[in-house]
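Working notes for the structure below.
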Amino acid sequence: MKKLLANLIILTVTAALTACGSGSGSPTPATTTSSVKTAGDSLTDIGTFGFPFTVQTTPASMVWPQVVATSVGYNSLCPRYAPTSADLLTPILNPNATACTAYAVGGATISGNEGDGWSIITQLENMAAAGIGENDLVLINGGGNDAVAALSSTPVDPVQLAKTFSDAIKRTVLASKVKRVVVGNIPDVTLTPRFQPYIAYKDVVQGWVKAFNAELLKQFATEPRVMVFDLYAQLTLWASEPQAYGITNATDAACPDNAWGFNIAGCTSEVLNSVPDKLANWWTTYLFADYFHPTPRIHQMFGDRVNEGLKARGWFY
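For reference, each letter of the sequence shown is one residue, going 3 to 319 in the numbering used here.
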């Protein structure tokens with residue numbers, strides 16, 4: 003089963019690379035990566051609110067965009083947004099961070115009202131307004147929070163949402179001369195601890211996510227500058243065969259729960275290492291940090307897989 007899933011992922015990535023590379027072929031490699039720019043939700047947020055959405059460690063662990071950025075020699079990623087002083091929550095462009103290029107914000111959606119960092123479309127528009135260079139690397143994800151909302155009384159149509167998302171990427175990021183854009187699809191959110199109370203609706207949500215992902219891939223099938231990274235297949239592989247990838251727990255959250263729910267900002271390595279009857283660093287082999295977000299180990303693995311895709315395209319510089 004493990005080999006089958008692994009081969010399916012390789013075939014999916016290879017097919018996507020071939021389709022996206024049709025016509026003009028891979029761009030001529032540059033000497034260096036000028037900048038790495040990000041947009042998306044908590045999976046891609048490196049610290050808009052002062053912390054990443056994973057276990058807090060010292061020194062700080064990297065989330066997947068930082069893994070990729072470091073690998074291509076760009077070590078200057080910093081959050082472009084910051085919470086407003088009015089409510090300490092709503093993310094707005096930070097006037098003291100004009101050189102920063104990480105626009106992703108935890109909690110952001112594609113379908114949200116535009117105007118601040120809660121909207122991934124607004125993030126893309128602000129990124130484009132600041133300028134995107136030919137030798138930049140742009141990393142984008144989105145749709146996970148929209149997928150959770152699929153259980154609401156007025157769910158968004160997944161195919162239309164994927165079109166809205168891809169159209170926004172085309173008119174902002176791809177309107178520039180950038181040659182390298184990575185777009186992550188939606189992982190299977192039904193695998194997360196957060197979804198388990200709603201497991202009866204698994205087929206509904208999985209169907210929604212698959213429809214979104216299929217349309218997203220279709221939208222960029224002939225675009226040689228875009229690599230659609232299959233987060234869905236990757237997470238499914240690790241959750242289905244965890245031991246093969248050094249994962250000891252693929253179902254439970256490592257971070258402690260309390261009366262107010264999970265507190266990802268307070269979920270530190272020190273707190274986890276003080277849990278009685280646990281081996282040191284036991285949490286490092288968990289799949290999920292809290293009820294919805296991956297551990298630093300999984301972020302590293304996501305980043306490694308993206309790097310493999312970049313290398314396959316000749317984009318790793």
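Glycine included, C-beta positions come from ideal geometry on N, C-alpha and C. Quick caveat: nothing in here was measured; it's all calculated off a predicted structure.
Asked                                                                                                                                                  : Found
Below 6 Å CB to CB, which residues in the same chain sit around N143 once its five sequence neighbours on both sides are set aside?                    : G42, L45, T46, G186
Just confirm the distance between the C-beta atoms of Q302 and V69, as a whole number of angstroms; I'd bet it's less than 8 Å.                        : 6 Å
Spatial neighbours of I123 within its chain, please: C-beta separation below 7 Å, excluding the five flanking residues on both sides.                  : I112, E116, A170
Please list the terminal residues of the continuous alpha helix (DSSP H) segment that includes F214.                                                   : 204-221
Taking the straight line between their C-alpha atoms, what separation do you get for N128 and K280?                                                    : 45 Å
I think T103 touches K39, with their Cβ atoms under 8 Å apart; what is that distance to the nearest whole Å?                                           : 4 Å
Suppose contacts are defined by Cβ-Cβ distances below 9 Å. Is N251 in contact with P258 by that definition?                                            : no
In whole angstroms, what is the alpha-carbon distance linking K313 and N137?                                                                           : 15 Å
Looking only at its own chain, which residues have a Cβ that is under 6 Å from the Cβ of F294, when we skip the five neighbours before and after it?   : T194, R196
At 4 residues or longer, and completely inside the region 286-316: list those alpha helix (DSSP H) runs for me, N to C.                                : 298-315
Can you check the region 49-108 for any beta strand (DSSP E) of at least 3 residues that lies completely inside it and give the ranges in chain order? : 83-85, 93-95
What do you get for Q198, buried or exposed, if any count of 16 or more other CB atoms within 10 angstroms of its CB means buried?                     : exposed
Apart from the five residues on each side of it in sequence, which residues of its chain come closer than 7 Å, Cβ to Cβ, to L10?                       : Interpretation of L10 is limited by its pLDDT of 35, a score under 50 that renders its predicted location unreliable; the figure taken from the coordinates is listed afterwards. Excluding residues within five positions, the ones whose Cβ falls inside 7 Å are A235.
Would DSSP call V230 helix, strand or coil?                                                                                                            : strand
Quick one: what's got a C-beta closer than 6 Å to L91's C-beta in the same chain, skipping five residues either side?                                  : P85
Expressed to the nearest angstrom, what Euclidean distance is found between the alpha-carbon atoms of A110 and N147?                                   : 7 Å
Can you tell me which residues form a DSSP beta bridge with I142?                                                                                      : A41, V185
What residues in its chain sit with their C-beta under 8 Å from that of A282, if we drop five residues either side in the sequence?                    : N275
Out of curiosity, what's the CA-to-CA distance linking W262 and T34?                                                                                   : For W262, the pLDDT reaches just 49, beneath the cut-off of 50, and the residue's location in the model is therefore unreliable, leaving the point undetermined.
Run through the DSSP bridge pairs and tell me what T270 is partnered with.                                                                             : Q58
In angstroms with no decimal places, state the Cα-to-Cα distance between Y121 and E310.                                                                : Looking at the sequence provided, one finds Ser at residue 121 rather than Tyr. Distance between the alpha carbons of S121 and E310 is about 29 Å.
Report the three-state DSSP secondary structure of T238 (helix, strand or coil).                                                                       : helix
DSSP three-state label for Y319, please.                                                                                                               : coil
Quick one, are the C-beta atoms of G114 and L95 less than 9 Å apart?                                                                                   : no
Closest to S63 by CA distance: which of D292, R315, F214, T286 is it?                                                                                  : T286
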